[in-house]
Amino acid sequence: MSLLLTRRRAAAAVLTAALLVPLAACGNDDEKDADSGSEAASSASGAPKADLTVLAASSLTDVFREAGAAYEKANPGTKVTFSFAGSQELAAQVKQGAPADALVTADTKTMDGLSGDTGKPTVIARNRLVIAVGEGNPEKVENLKDLADPKLKVVLAAPEVPVGRYSQQILDAQKTEVKPVSQEPNVRAVLSKVELGEADAGLVYKTDAATATDKVDAIEIPDAENAIASYPAATLKASEHSEAAAAFVAWLSTPQAQKILQGAGFQQP
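For reference, each letter of the sequence shown is one residue, going 3 to 271 in this note's numbering.
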């Protein structure tokens with residue numbers, strides 16, 4: 003009897019072991035699946051890699067080059083190429099179907115006019131105007147009313163350009179009539195005229211004047227007489243990299259991007 007009992011126990015042990023092997027295998031497969039899912043989720047949490055083209059207002063030229071480099075460093079495999087121009091020119095490019103992924107304008111009016119072509123816009127920064135004059139302010143310009151002096155060569159942006167529209171807005175509010183010697187297609191062109199001495203004064207964004215402190219001086223305009231420029235950013239519906247474009251637009255509101263923007267003189271949105 004003892005020999006028979008021993009054989010039965012041995013057989014039971016073998017059967018139990020045989021049953022446990024597939025269960026253990028299933029457990030390992032489940033763990034592998036869980037690990038694989040975790041890795042996939044981790045990978046998906048980062049910004050998708052893509053070559054992005056961003057249309058941006060001229061006044062963002064310097065700061066966006068810095069911001070783009072920071073974004074590429076934080077997102078290896080992604081390249082951001084900017085195309086800078088006046089907001090009205092950018093709008094025309096979008097309407098004509100220019101291949102691009104995101105858009106940042108210097109006013110909400112231009113962006114609102116493209117609602118059928120963009121995602122929901124988000125204001126990422128604000129700006130104010132200053133009077134740009136030659137270094138040392140040789141013509142002794144002190145305020146907006148001084149720009150009405152017919153002996154003064156004043157240059158403004160064209161009325162259809164956001165900074166041109168803001169300029170006319172604040173001049174009208176002060177009942178100041180200015181006859182510009184030229185009307186430029188973007189704010190950088192206005193600044194260039196003053197830098198080169200082709201104009202005595204011009205109205206530009208504060209951040210643009212800050213990029214040329216060795217050639218121009220900036221005369222502050224009181225807040226009560228000034229205008230606030232808002233910069234909305236949005237993805238373009240025609241983008242072939244919609245997820246990557248959305249990730250970049252969202253990044254512009256992050257602390258890292260805001261630090262870069264505010265370091266260049268832009269105000270919080």
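Yeah, the Cβ is synthetic: ideal placement off N, Cα and C, and Gly gets one too.
Gly204 - DSSP class collapsed to helix/strand/coil: The residue given as residue 204 occupies position 202 in the sequence shown. DSSP places Gly204 within a strand segment (E or B) once states are collapsed to three.
Beta strand (DSSP E) segments (min. 3 residues) lying fully within the segment 103-175: Runs of the beta strand (DSSP E) inside the segment 103-175: 104-106, 124-136 and 156-159.
Between the segment 253-265 and the segment 112-130, do at least 3 Cβ pairs fall closer than 8 Å? Flag = yes, the segment 253-265 and the segment 112-130 touch.
What residue does the beta strand (DSSP E) around Lys81 start on, and which one ends it? The count along the sequence shown starts at 1 and reaches residue 81 at position 79. For Lys81, the enclosing beta strand (DSSP E) has its first and last residue at Lys81 to Ala87.
Give the straight-line distance between the Cα atoms of Ala71 and Ala229, rounded to the nearest whole angstrom. Counting from one through the sequence shown, the residue named residue 71 turns up at place 69. Counting from one through the sequence shown, the residue named residue 229 turns up at place 227. Straight-line Cα distance between these residues: approximately 30 Å.
Taking just the CA atoms, how far does Asp103 sit from Tyr63? Along the sequence shown, read from residue 1 onward, the residue named residue 63 stands at position 61. Along the sequence shown, read from residue 1 onward, the residue named residue 103 stands at position 101. Checking the displayed sequence, the identity of residue 63 turns out to be Thr instead of Tyr. So the alpha carbons of these two residues sit roughly 17 Å apart.
Buried or exposed for Pro24, going by 16 or more other Cβ atoms inside 10 Å? In the sequence shown, the residue the question calls residue 24 occupies position 22. With a pLDDT of only 40 at Pro24, under 50, the local geometry of the prediction cannot be trusted, and no value is derived from it.
I need the boundaries of the alpha helix (DSSP H) containing Val189, first residue and last residue. In the sequence shown, residue 189 corresponds to position 187, counting from 1. First-last of the alpha helix (DSSP H) with Val189: Val189 to Glu197.
Which of the three DSSP states, helix, strand or coil, is assigned to Asp210? Walking along the sequence shown from the start, residue 210 turns up at place 208. Under the three-state reduction of DSSP, Asp210 is assigned to helix.
Under DSSP, the beta strand (DSSP E) around Gly242 begins and ends at which residues? As a working note, residue 242 is residue 240 in the sequence shown. It is worth fixing the name first, because residue 242 is Glu in this sequence and not Gly. No beta strand (DSSP E) contains Glu242, which DSSP labels as neither H nor E.
What does DSSP give as the partner residues of Val56 in its beta bridges? As a working note, residue 56 is residue 54 in the sequence shown. Beta-bridge annotation (DSSP): Val56 is paired with Phe84 and Ala104.
Nonlocal neighbours in the same chain, by C-beta distance under 8 Å from Asp216, ignoring five residues either side: The count along the sequence shown starts at 1 and reaches residue 216 at position 214. Excluding sequence neighbours, Asp216 sits near Glu137.
Just checking: is the beta-carbon of Lys177 within a distance shorter than 8 Å of some beta-carbon in chain C? Judged by its chain identifiers, the structure shown contains no chain C, having just a single protein chain.
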